[in-house]
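**Q** Numbering (full-length UniProt numbering), first residue to last: 1 to 655.
C-beta atoms are modelled at their ideal positions from N, C-alpha and C, and glycine is treated no differently.
Here the structure is a predicted model, which is why all the values come from computation and not from measurement.
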Ligand code: ATP
Ligand code: MG
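Here it is as structure tokens:
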């Protein structure tokens, strides 16, 4: 980038009270992990987790790359998130503040959440669910959703949450892959004022081939909308829990016992069933909530992710509860009843820590710039102290807006890089320590050995782009791809690196002076134009930095006879989609802008305008589909996680 790096040092007041206070404290933790890697993690595992049987082994590498952590220890995740807080005197403390789509608020204390969890756990046991059985949860954001996950954990059943936006076919695929015995769902869900079916989709999925293992369906009543109940298979949750006690003896499981399976977003291919452990996973969920978010007694934490994604697992269901925090669970969407919903909820609930995704920020910027009433400045956001971002790289322009307008220029932004597979944050600032640079996820979390290497696994010098790897196993890492150990090895421990390093699948570059990491996009997304290697992310950020015009941009390559690859940009403007001469004029203006920001070599050859971009249901841009469109190919890939199929036609047409 042509601009000088902008650096935001931590506010001294934030730093003074933070758990990890100042860079010297951060560096000391990194040093500690380097000197005694196992000791570093063992100490945190003893501090943050209550073990039924304490572990004596820390890391077991004997079956690498199938690593084990704390393997002779036993624990229960739900005991750690609920009972333990009550034993510490937090029984009456609010655990969840649930806000429904229509605005109704329900609060539950730790004691109430435990009772609800235990009733569901008892119902699962009564329906024959045992330790190791899989339970698919297909439900919207709700107290019951969180309680259902905790209930599975309580009895050692393995949950697999499927996001409520998925179709019957995608749900079927996941049910079949997990071999689940039982589904927990609701009659309907409410999003943006609309009632959408859940139970009817479960019925449709179960009517397809491959769901033969399902014995029971438990249905939570959310709206009272009409559903068909199949005799002998389907049961209302209220009836299933009727008469069952509010307490339930936890199943003490080995640390390596799978806590859950979760399918990746499908940005780059067919979703993978990521298998996580109980002990190591819970440790990192709790530790990152403590250090990255600095979560305290009196905080009101809000992670806007859905429990259908890993972010909702680690930073709604497990991390904040393991620390006894108070958190928001939101059923609705950011744009209903208007695009000021997030800001109004921060104001109403006096949220102190707010964690969301770049895709939400970009769409709210567009709305706020068109209408003052939904601009953050029209709300009192003074309760906020820390902001977070996750899911995609956040473009510097969106970062600056978030920092200034949402954070009032005073709240640090933790840009957290991690993956479904990593279980928790991998590269992220710590709010009281790390000086921030917009667009950079800064430095590895203490203990995480992240590095940038070339195709042979050799470290590349700072300033040179390469492949992001993690050199040592860490506690919350993926244990396997469910039922497919070969794909696990091939995807994450490929032979190119002698099976030694975990391959993230993303490219990265470290700043030559500070060593800060910037994610340059998926490995497949690196372009080679006339011998110049460029990350798509850099070109996208240059486009989005044209703030008066551009709302969002995605860049892909397509084969080109003269330059090897040519840059093709798909752009969503802040104004209606232009056509004809107007489109040509704006395309020229954008091309010049990129030329000025990066250099003439980065000027996109093709610029196409759309009303939107193809996105996964978690809001990520699906560049692999754009690559096919850019090449003029028909799309034959897996589109099961695509949110908005109609957009493909629009983008396929030339302007
Ligand atoms: P699939 O693996 O099926 O292609 P996915 O990679 O999108 O899907 P997730 O696990 O939800 O599935 O997303 C992880 C990816 O999201 C990372 O590999 C990275 O590309 C991107 N990502 C997440 N957070 C950040 C961040 N803070 N900065 C940059 N990229 C991020
Ligand atoms: Mg991935």
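Does the beta-carbon of residue 310, which I'm using as the reference point, lie nearer than 7 Å to any heavy atom of the ligand ATP?
**A** True, at least one ligand heavy atom lies under 7 Å from that Cβ.
**Q** Please confirm whether residue 556 and residue 626 have their CB atoms less than 8 Å apart.
**A** Cβ distance < 8 Å, so residue 556 and residue 626 count as in contact.
**Q** Which one of 241, 389, 429 and 536 has the shortest CA to CA distance from residue 355?
**A** Taking only the C-alpha atoms, the option nearest residue 355 is 389.
**Q** Any heavy atom of the ligand ATP closer than 7 Å to the CB of residue 552?
**A** No.
**Q** Using alpha carbons as the reference points, say which of 482, 548, 416 and 494 lies closest to residue 518.
**A** Nearest C-alpha to residue 518: 416.
**Q** Using a threshold of 7 Å, is the CB atom of residue 264 nearer than that to any non-hydrogen atom of the ligand MG?
**A** Yes - the ligand MG has a heavy atom lying nearer than 7 Å to the Cβ of residue 264.
**Q** Spatial neighbours of residue 384 within its chain, please: C-beta separation below 8 Å, excluding the five flanking residues on both sides.
**A** So the qualifying residues of the chain are 346, 351, 352, 353, 354, 406, 407, 408 and 411.
**Q** Go through its chain and collect everything with a Cβ distance to residue 331's Cβ below 8 Å, but skip five positions before and after it.
**A** Cβ neighbours of residue 331 beyond the five flanking positions: 98, 99, 100, 101, 140, 141, 142, 189, 190 and 191.
**Q** Please tell me whether residue 241 and residue 120 are closer than 8 Å, where the distance is taken between their beta carbons.
**A** Yes.
**Q** In this structure, how does DSSP classify residue 55 when only helix, strand and coil are distinguished?
**A** Coil, per DSSP.
**Q** Where in the segment 194-247 do unbroken runs of the alpha helix (DSSP H), each at least 4 residues long, occur, reported from the N-terminal end onward?
**A** Runs found: 199-207 and 237-241.
**Q** At what residues does the beta strand (DSSP E) containing residue 341 begin and finish?
**A** That residue, residue 341, is in no beta strand (DSSP E); its alpha helix (DSSP H) goes 341-349.
**Q** Can you tell me which of 115, 516 and 624 puts its alpha carbon nearest to the alpha carbon of residue 642?
**A** Nearest C-alpha to residue 642: 624.
**Q** Cutting at 7 Å between CB atoms, please list the residues of its own chain near residue 655, excluding the five before and the five after it.
**A** Any answer about residue 655 is weak, because its pLDDT of 47 lies below 50 and its placement is not dependable; what the coordinates show is given next. Here the set comprises 579, 583, 608 and 609.
**Q** In chain order, what residues of the same chain lie with their CB nearer than 8 Å to the CB of residue 37, ignoring the 5 residues before and after it?
**A** Result list for residue 37: 59, 447 and 472, in chain order.
**Q** Classify residue 106 as buried or exposed, calling it buried when 16 or more other Cβ atoms lie within 10 Å of its own Cβ.
**A** By the 10 Å Cβ count, residue 106 comes out exposed.
**Q** Give the straight-line distance between the Cα atoms of residue 117 and residue 150, rounded to the nearest whole angstrom.
**A** Between residue 117 and residue 150, the C-alpha separation is close to 6 Å.
**Q** I think residue 618 touches residue 391, with their Cβ atoms under 8 Å apart; what is that distance to the nearest whole Å?
**A** Going by Cβ atoms, the distance from residue 618 to residue 391 rounds to 7 Å, so yes, they are a contact pair.
**Q** Mind pulling the alpha helix (DSSP H) runs of 4 or more residues that sit fully within the UniProt domain "AMP-binding enzyme C-terminal" (538-620)?
**A** Counting whole runs of 4 or more residues, the UniProt domain "AMP-binding enzyme C-terminal" (538-620) contains the alpha helix (DSSP H) stretches 580-597.
**Q** Residue 89 and residue 284 - do their beta-carbons sit closer together than 8 Å?
**A** Contact flag unset, no.
**Q** At 3 residues or longer, what runs of the beta strand (DSSP E) sit wholly inside the segment 395-448?
**A** As far as the segment 395-448 is concerned, its whole beta strand (DSSP E) runs of at least 3 residues are 413-415.
**Q** How about residue 219 and residue 234: do their beta carbons lie closer than 8 Å?
**A** Yes, they are a contact pair.
**Q** From 51, 334, 53 and 396, pick the residue whose C-alpha is nearest to that of residue 376; which is it?
**A** Comparing Cα-Cα distances from residue 376 to each of 51, 334, 53 and 396, the minimum goes to 334.
**Q** In terms of residues, what are the limits of the alpha helix (DSSP H) holding residue 40?
**A** First-last of the alpha helix (DSSP H) with residue 40: 37-48.
**Q** Under DSSP, the beta strand (DSSP E) around residue 517 begins and ends at which residues?
**A** Residue 517 -> beta strand (DSSP E) spans 517-522.
**Q** Which residues mark the beginning and the end of the alpha helix (DSSP H) in which residue 492 is found?
**A** Unbroken alpha helix (DSSP H) run through residue 492: 485-492.
**Q** Can you confirm whether the segment 286-304 touches the segment 491-505 when touching is taken to mean that 3 or more C-beta pairs between the two stretches lie within less than 8 Å?
**A** Short answer: they don't touch.
**Q** What is the residue span of the alpha helix (DSSP H) that residue 291 lies within?
**A** Its alpha helix (DSSP H) spans residues 279-291.
**Q** Straight-line CA distance for residue 194 to residue 187?
**A** Computed Cα separation, rounded: 14 Å.
**Q** At a cut-off of 7 Å, is residue 505 close to the ligand MG when judged by its beta-carbon and the heavy atoms of the ligand?
**A** Indeed, a heavy atom of the ligand MG lies less than 7 Å from the Cβ.
**Q** Going by Cα to Cα distance, which pick from 394, 248, 81 and 157 is closest to residue 317?
**A** Residue 81 is the option with its Cα nearest to residue 317.
**Q** Under the assumption that residue 259 contacts residue 182 (Cβ atoms under 8 Å), give the Cβ distance between them as a whole number of angstroms.
**A** Residue 259 to residue 182, Cβ: 17 Å. No contact.
**Q** At the level of alpha carbons, what is the spacing between residue 650 and residue 612?
**A** Each residue's alpha carbon lies about 9 Å from the other.
**Q** Please determine, among 20, 41 and 66, the residue with the shortest C-alpha to C-alpha distance to residue 484.
**A** Considering only alpha carbons, the answer is 66.
**Q** Candidates 449, 454, 369 and 636: which alpha carbon is nearest residue 575's?
**A** If we check each option's Cα against that of residue 575, 369 comes out closest.
**Q** Using DSSP with H/G/I as helix, E/B as strand and the rest coil, what is residue 381?
**A** Residue 381 falls in the coil class under three-state DSSP.
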